[in-house]
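The structure under discussion appears below in the form of structure tokens.
Number of protein chains: 2
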Amino acid sequence: MSSDRKIVKPKPLSGFPEWLPEQRLVELRWIDTIRRTFEAYGFCNIDPPSVEDVDVLVSKGEDADKEIYGVRRLGGGEMRDEPKIALHYDLTVPLARYVAQHFNELSFPFKRYQIQRAWRGERPQEGRFREFYQCDLDVLDTGEVSLHFDAELPVIVYEILRQLHVEPVTMHINNRKVLQGFYTGLGIADVVGAIRILDKLDKVGAEEVNRLLVDDLHIASAVAAQCVALASIRTPDGSFEERIREFGVHSELLDTGIAELKFVMQAAEAIPAGVVFADLSVARGFDYYTGTVYEGKLSAFPGYPSVFSGGRYDNLVGGFLRQNLPGVGMSIGLTRIFSKLLAEGQIAVGASCPTQILVIQLPETPREQAMQTGRALRDRGFNVEVYHESKKIGHQIRYATRKGIRYAWFPDPAKHEVKDLASGEQSPADPATWAPGK
Amino acid sequence: MSSDRKIVKPKPLSGFPEWLPEQRLVELRWIDTIRRTFEAYGFCNIDPPSVEDVDVLVSKGEDADKEIYGVRRLGGGEMRDEPKIALHYDLTVPLARYVAQHFNELSFPFKRYQIQRAWRGERPQEGRFREFYQCDLDVLDTGEVSLHFDAELPVIVYEILRQLHVEPVTMHINNRKVLQGFYTGLGIADVVGAIRILDKLDKVGAEEVNRLLVDDLHIASAVAAQCVALASIRTPDGSFEERIREFGVHSELLDTGIAELKFVMQAAEAIPAGVVFADLSVARGFDYYTGTVYEGKLSAFPGYPSVFSGGRYDNLVGGFLRQNLPGVGMSIGLTRIFSKLLAEGQIAVGASCPTQILVIQLPETPREQAMQTGRALRDRGFNVEVYHESKKIGHQIRYATRKGIRYAWFPDPAKHEVKDLASGEQSPADPATWAPGK
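As structure tokens, then:
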């Protein structure tokens, strides 16, 4: 307690969110719900290291090198067999590496979920963090992956969001084959380049996209206008097909894409109206998507980045394995959703601890009586604290109230009593039979 | 599938353990048990970032600088407001920083648990990893922290180990005041230095400790011998006191230490005989311990490093806060225990997924029938997969067997049947009422 001691009170690290106990308690409950739902559909969990070999990350990195966080001992110096490592920036690259490495020990179709942190060295802004939780689920197989999985993932994700009361949300589904087939039908040579430009529609607007298509890809202005017009199609059902057909553009790939998208939209009928849309503006920047693509938004906050996303890919393990592994997956941006709804006051934060019952230390009662009561209630599945300090009863009650503990238990051997601190009601109770109210 | 593609099959990173799905499933169950038990005693969870400001880590680092993993963008270059960060090497420093930073928003006594990874850039060896899970629980307060907490922590930790079948274990408890009081009573000036040397007893042996005490601290050989002799005391109960008293050494601190250790040993009587020992050889290297110290061993593997440890400290937040915060805590080395028992074949690893029931796709039955059956069973709380690919029934059953899925469900609308793949028995069943066997 010397006053001349140098005190440096720690400050938050920008981009590294941290929650108070009462907030973390809700986040944990969210993670439990997500995990339980993933498992209800038979997905297994994997938990790869936080780091990967730098070459693994950079090889898949799509120009993300600058944002990758390298990891290196502060002490420096050489250590034998020391790998060059960096923190993963998503959960997809670790999945690809994991499946390639353990290929012979896994059963396919491989359905896995992953709930982990990921790291990106970017400038923090609203919804963008340097460290954040992602919740991913993917299905990979050695042969074909049934389109039924494309249809099932939105149902699973919606079920989670509904349970978490993350509403209203909108889910935007497209199929890259529709875009590629349409562009091919229009005679565009650089289809991938065109998709990359269209992906910017949200950010830069229709006029700029039009200009980029004309200037960068040398596409005729009228053709570029059709690309932009296609992106404006958004329907709550399979009716997007008629809208596409009006353009009179034809290609086999377009037909396949339309059929696939209609299949997924039909399965999505299990989700309440107003949530799912076939949205032809969704392109997803990543080149590895080849079919269905998903994107989710908090509809109350239109400017906020997408809160879940994913899609289908033809091969996730290129470069790691001689075999192709197609699949389909979806990723929920847990920290992005949680931090926003917390900041908006839309998450009900309550108790700061999981304790349900505080056993009071009565001055005239032997201590062992309180301990025994605690054990008896704990054995019945309750979360129970025995107050350990020698403090006045009023002080103990205030401790319970401050932490949001609902019940205070008076372990008087002659007559146990329990007080409901919410209602103020106090009544006799038996540790062997008592049940909480409400 | 081109054969000229360059394939680099990924290799494991040394020191970064990674489990197969069936192993991870058990690890997750372990984490659930640990968490549930921590919460049953009213500890709240916190989940600080994986990184801290480098200065925060180094200031508390006890010469650990060389092992700290710094984190830096690979791209390099300057970014405004970019903190200098490193991965935490334990969960205690983040706790200290967290409590100091959020001091006014927390309720005391602050009882928290933390289940997180930590990172150390050391050379991997058996039981030592570069990335590992720790499970910590600590109680901190602004004033006194009741000795009842010192007595409760071993009970909680033992309850966890028993549930996980981590047996046989031994728990070694000492009190730094006993050592300090004894050394003071012997007239030793550099008490902290003596404790640091005694802490090496396990590694270097009695003769070398004797030599170090004499040569480095200029302690008389006969006195040094008494220090070493004290460390040989190990009793399953409070009888260590008589053994200490035989030395005829006296000091007030020694009396306090003996009383505290006896108090903790008495509470430990709730733990089966043969587990807990008052062990005067336990010193714990860290200088911040000031009272009770704990150390746990897997008794079947005497050479293996300690698998849990902890102790009492007078002040955890020195340098961060003007106020002193005493506390007591314990840390379970989850990865260290799990990896060892796994390697020794002592962990029963079963199914590679959480699925309980696979709903078979019958060729002559409408698909919706299978989907509906899946939903009905899922609504009743079962983990259920519907087989999505169009494969023969035998293939679907083999998939279930390979993944360790116990039940195959045949959703024939006229007559539902379920096959127990463990017994081979097949019988009629109703999705609305069916219950698993055993």
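The listed protein sequences derive, respectively, from chains A and B.
The first sequence: position 353 = 353 (the numbering used here), numbered continuously.
If you want the numbering used here, it's the position in the second sequence, counting the first as 1, plus 438.
The beta-carbon is built from N, C-alpha and C at its ideal position, and this holds for glycine as well.
Please read all numbers here as calculations on a predicted model, not as lab measurements.
query: Chain-ordered residues of the stretch 249-266 of chain A with a beta carbon less than 9 Å from chain B; result: none
query: Residues within the stretch 32-48 of chain A neighbouring chain B, beta-carbon criterion of under 8 Å; result: Glu39, Ala40, Tyr41, Gly42, Phe43, Cys44, Asn45, Ile46, Asp47 and Pro48
query: Residues of the stretch 149-167 of chain A whose Cβ lies closer than 7 Å to any Cβ of chain B, in chain order; result: Phe149
query: Check whether glycine 631 (chain B) and serine 689 (chain B) have beta carbons under 8 Å apart; result: no
query: Nonlocal neighbours in the same chain, by C-beta distance under 6 Å from threonine 793 (chain B), ignoring five residues either side; result: Asn821, Glu823 and Ile843
query: Neighbour list for isoleucine 332 (chain A) in chain B, Cβ cutoff strictly below 8 Å; result: Near isoleucine 332 (chain A) there are no residues of chain B at all, since even the closest Cβ is about 17 Å away, more than 8 Å.
query: Selection of the stretch 317-343 of chain A by Cβ proximity to chain B, strictly under 7 Å; result: Gly319, Phe320, Leu321, Arg322 and Asn324
query: Close beta carbons around leucine 718 (chain B), own chain, < 6 Å, minus the five adjacent residues each side; result: Asn612, Leu668, Ala669 and Ile671
query: Helix, strand or coil at aspartate 868 (chain B) according to DSSP, with G and I counted as helix; result: coil
query: Spatial neighbours of cysteine 353 (chain A) in its chain, beta-carbon cut-off 6 Å, leaving aside the 5 residues before and after; result: Lys403
query: Beta-carbon contacts of methionine 1 (chain A) that lie in its chain and below 7 Å, excluding the five residues immediately before and after; result: Legend: pLDDT at methionine 1 (chain A) = 41, less than 50; position of this residue unreliable, value from coordinates given subsequently. Answer for methionine 1 (chain A): no residue qualifies.
query: Beta-carbon proximity check, leucine 599 (chain B) vs glutamate 590 (chain B), cutoff 8 Å; result: no
query: Helix, strand or coil at glutamine 761 (chain B) [DSSP, three-state]; result: coil
query: Test: histidine 540 (chain B) CB closer than 8 Å to a CB of chain A; result: yes
query: Within the stretch 74-127 of chain A, ranges of the beta strand (DSSP E) (whole runs, at least 3 residues); result: 85-87 and 110-119
query: Residue from A:Tyr113, A:Val56 and A:Ser50 whose Cα sits closest to the Cα of valine 882 (chain B); result: In the structure as shown, chain B begins at 439 and stops at 876. Residue 882 (chain B) is therefore absent and cannot be evaluated.
query: Three-state secondary structure (DSSP) of isoleucine 233 (chain A); result: coil
query: Residue range of the unbroken alpha helix (DSSP H) whose run includes aspartate 491 (chain B); result: No alpha helix (DSSP H) holds aspartate 491 (chain B); the beta strand (DSSP E) holding it covers 489-491.
query: Coarse secondary structure for leucine 57 (chain A), derived from DSSP in three states; result: helix
query: Simplified DSSP state of threonine 142 (chain A), which is helix, strand or coil; result: coil
query: Minimum length 4: unbroken alpha helix (DSSP H) runs contained in the stretch 789-857 of chain B; result: 805-817 and 831-841
query: Contact list for aspartate 491 (chain B) against chain A, beta-carbon separation under 9 Å; result: Pro10, Lys11 and Leu13
query: The stretch 447-457 of chain B in contact with the stretch 759-770 of chain B per 3-pair CB rule at 8 Å; result: no
query: Closest Cα partner of isoleucine 115 (chain A) within the set A:Val282, A:Thr92 and A:Gly311; result: A:Thr92
query: Same chain only: Cβ atoms within 6 Å of serine 441 (chain B), ignoring 5 sequence neighbours per side; result: At serine 441 (chain B), the pLDDT of 45 sits below 50, so the modelled position is not reliable; the number obtained from the coordinates is stated separately. Excluding residues within five positions, none has a Cβ falling inside 6 Å.
query: Chain-ordered residues of the stretch 785-797 of chain B with a beta carbon less than 7 Å from chain A; result: Ser790, Cys791, Pro792 and Thr793
query: Neighbour flag for phenylalanine 454 (chain B) against chain A, beta carbons, 8 Å; result: yes
query: DSSP three-state assignment for lysine 735 (chain B), whether helix, strand or coil; result: strand
query: Neighbour list for serine 861 (chain B) in chain A, Cβ cutoff strictly below 8 Å; result: The contacting residues do not exist; serine 861 (chain B) stays about 21 Å from chain A at best.
query: Endpoints, beta strand (DSSP E) assigned at aspartate 279 (chain A); result: 276-279
query: Length of the line joining the Cα atoms of aspartate 53 (chain A) and serine 299 (chain A); result: 38 Å
query: Closest by C-alpha distance to phenylalanine 129 (chain A), when choosing among A:Asp136, A:Gly121 and A:Cys135; result: A:Gly121
query: Residue nearest to aspartate 314 (chain A) in terms of C-alpha spacing, selected from A:Asp287, A:Ile332 and A:Tyr294; result: A:Asp287
query: Residue-chain proximity (histidine 526 (chain B), chain A), Cβ-Cβ < 8 Å; result: no
query: Reduced DSSP category for valine 169 (chain A) - H, G, I as helix; E, B as strand; rest coil; result: strand
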